[in-house]
Amino acid sequence: MSFSKEDMNPYKVANRIRKRVLALAIANRGGNISQACSSSEILATLYTRIMNITKLSEPLMPRKFAGAPSATNKDSFTGDNFNGIRGPAYDRFYLSPSQYSVVLYATLVEVGRMKPEGFELFGKDGSVVEHIGEAHSPGMDINGGSLGQAISQAAGISMARKLKGETGRQIVFLGDGELQLGMTWEAIQAMCFYKLDNMIVIVDQNGQQCDGKISDVMDTPPLEKRFEAFGARVYVVDGHNCEVMEAVANQKPDGRPMVIMARTNPCQGMAVIQEKAPRIHFIGMTDSDIPKYEECLAQL
């Protein structure tokens, strides 16, 4: 696949991400498509306008699973090679809510970092293109474990890189449901105390979690004030406005970790999902549902 400059317009990339995720969900009779609705512009902007990562000479094909990392397994690997080579000035990306893995894989395809054939390995036995991504999955290099753990790992890496004098940033994609967890706020507290201004946390604030609407399960306002109270540099933006997210994220550091609250629509581009509300964390499809989703795919 080759992409022109216009092909890499983040809005066009975002639309292609949604199409690819929806097509897979139709084929599998279900999938995490509300996550694609809310986060496609965020991930498209990160990969085309924000993250300082190296280019690849060609899209990569995921390798076969080689076993869990251990002192005796020399064949294990991580998926960070899809984000280019590591270096002192380069950014590193961390996906915290692993139910978004399919959206990340689609993003890698649509920005020319993974071969389309690799995306087709999603959920296949022996494949690292896992439904719930692991450290070996494309675009990842840590195991976020249960929700809320990736941000703590990224904070530790940020501190280490800062002590070494490296200028690369740690960019953490967080789900707003993770803000119900105490360990998330412990990480934020540490990030602010140690002035880790080489961290950007971007939150997909789509108002959803696995049990329904956050406001019904356990509401957490006022989030911006909470982050500010810890000492973070906080911005509230439209998570479907690529230019605004780019402008905010690429500001010079000022001694504080940055938190971008990206307010998004979990049905963006796919109004048909609203029929399943309020439980839209995973969209299951019956045979009678398929024509509606195929029509939605054609419109995208």
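Numbered according to the working numbering, the sequence shown spans residues 10 to 309.
The beta-carbon is built from N, C-alpha and C at its ideal position, and this holds for glycine as well.
Treat the numbers as computed from the prediction; the structure is a model and nothing was measured.
Residues of its chain near residue i, where Cβ-Cβ distance is below 7 Å and the 5 sequence neighbours each way are ignored
i	result
Asp263	Asp206, Arg242
Pro19	Glu50, Ala53, Thr54, Thr57, Arg58, Cys251
Ser107	Ile141, Gly142, Gly153
Glu233	Val243, Val245, Met270
Met60	Asp100, Phe102, Ile180
Leu130	Pro71, Ser136, Val138
Ala196	Ile160, Ser161, Ala164
Collapsed DSSP secondary structure at residue i in the structure displayed
i	result
Met168	helix
Asn18	coil
Tyr203	coil
Gln277	coil
Met254	helix
Lys73	strand
Arg235	helix
Met149	coil
Phe102	strand
Gly127	helix
Lys222	strand
Ser161	helix
Phe41	According to the sequence as given, residue 41 is Asn; it is not Phe. Correct three-state label for Asn41: coil.
Asp213	strand
Ile59	helix
Met208	strand
Asn82	strand
Gly293	strand
Pro48	In the sequence on display, residue 48 carries Ser and not Pro. Here Ser48 sits in helix by DSSP.
Ser136	strand
Ile282	helix
Ser107	helix
Ile197	helix
Lys28	helix
Met192	helix
Glu187	helix
Phe12	coil
Asp89	helix
Thr54	helix
Leu156	coil
Ala144	coil
Ile35	helix
Residues near residue i by beta carbon distance below 8 Å, same chain, minus five either side
i	result
Ser85	Ala75, Gly76, Ala77, Pro78, Ser79, His145
Val112	Ile26, Val30, Asn41, Gln44, Ala45, Ser48, Ser49, Leu52
Ser105	Gly153, Leu156, Gly157, Gln158, Ala159, Ile160, Val181, Phe182, Leu183, Gly184, Glu187
Ala32	Leu306
Gly135	Lys73, Phe74
Gly132	Asn37, Val138, Glu139, His140
Val253	Val246, Asp247
Glu15	Lys21
Cut-off 6 Å between Cβ atoms - residues of its own chain near residue i, not counting five sequence neighbours on either side
i	result
Val281	Lys301, Cys305
Ala34	Gly40, Ile42
Leu55	none
Met192	Gly157
Lys124	Pro68, Met70
Ser110	Gly142
Pro287	Gly221, Lys222
Tyr103	Ala159, Ala163, Val181
Glu237	Val243
Lys171	Asn207
Phe128	Tyr114, Val118
Range covered by the alpha helix (DSSP H) that runs through residue i
i	result
Tyr114	110-119
Phe182	Run containing Phe182: none in the alpha helix (DSSP H); it sits in the beta strand (DSSP E), 179-184.
Tyr302	299-308
Unbroken beta strand (DSSP E) run spanning residue i, endpoints
i	result
Ala271	267-272
Tyr244	242-247
* To do: Count the C-beta pairs between the segment 166-174 and the segment 220-239 that are closer than 8 Å, then say yes if the count reaches three, no if not.
  => no
* To do: Would you be able to state if there are at least three C-beta pairs under 8 Å between the segment 32-46 and the segment 96-104?
  => no
* Asked: Is the segment 180-189 in contact with the segment 210-225, if contact means three or more CB pairs nearer than 8 Å?
  -> yes
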